[in-house]
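This report refers to the structure that appears directly beneath it.
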């Protein structure tokens, strides 16, 4: 699919961007891969690793619509991974989060349509489902912008879809490197917000694979949700520091006890496939699209009216041993 095609990744120097580009270079022969991000030093570091002839490094911010439009000339596929993601920082700097996550999403959409991009996949988060913090609210708004963008295309070819998944194991700012640092410092205890807290977990390679499949599956307007396991935060702490006592410190502002990826109110629009769910758009003018059968020929079926996909009610929970094994395989020290 990506052979002799041009791909642009916003926020391309992040954990996902690096892994996705590595997968592209290993599995296909792209014409161009454009890394679009605002940090010149991170781009410099990335150039030392990814220096293939097809690589292009474009300094720019998703807040800058003109720069985005210039970067997307001749681009076939876009992955929108750029975002401000830290919950406390978003609460303290709300307008900055809105400018990047909402205005930036709109700029990506406008630039993609103007340049007749083929397909766009935007990355979302479980925090966008029934959000209680500003970060989640901005990502929900972004999701709505991307799914609705399909109705703006008219006779153009551009299609937009969204991928939503949970915590990425070992990603920057996640709880695993935080717990590991405490262990390295011989901390007397591991802080636990709540002994009943759960989270969805996905490895970085699994996230990349799911995005690749989204490009293959998408018709436009879908919100793709993978079937992934849950884990209790206390079990993650035990897997990392089995001999260190745990201390309950209380749920932080803007945090949920459990995360949700398919809310109850969306159940009427949810289709279940073998390894994923699809939240179909509630409003679409493309009546010819049959979301129950995707572009790979996979078929889905509607879920029950009371369906909720929650990390606390998931049928698939990781054991302490499984968590330890996943961390060992997927999280570099």
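Residue numbers (full-length UniProt numbering): 1 to 333. Virtual Cβ for every residue (Gly too), placed ideally from N, Cα, C.
The beta carbon of residue 246 sits closer than 6 Å to those of 190, 192, 237, all from its chain and outside the five residues before and after it, given in chain order.
Apart from sequence neighbours up to five positions away, the residues of its chain that approach residue 248 with a beta-carbon distance below 6 Å are 192, ordered along the chain. For residue 262 and residue 47, the gap between their C-alpha atoms comes out near 38 Å. CA-CA distance, residue 135 to residue 292, rounds to 31 Å. Contact between residue 73 and residue 115 holds, since their C-beta atoms are separated by about 6 Å, short of 8 Å. If you compare the alpha carbons of 38, 177, 303, 21 with that of residue 51, the shortest gap goes to 21. A distance below 7 Å between beta-carbons, with the five flanking residues on each side excluded, links residue 36 to the following residues of its chain, in chain order: 8, 9, 10, 12, 58, 60, 71. Inclusion of residue 254 and residue 96 in the CB contact set at 7 Å is not warranted, their separation being larger than that value. Scanning the segment 151 to 230 from its first residue to its last, the whole beta strand (DSSP E) runs of 3-plus residues come out as 159 to 165, 190 to 192, 198 to 202, 223 to 226. In terms of Cα proximity to residue 124, the closest of 118, 187, 105 is 105. Within the DSSP secondary-structure output, residue 326 pairs in no beta bridge.
Less than 7 Å separates the beta-carbon of residue 161 from that of residue 222.
Residue 118 sits away from residue 66, with the two beta carbons spaced by 7 Å or more.
For residue 139, the enclosing alpha helix (DSSP H) begins and ends at 134 to 149.
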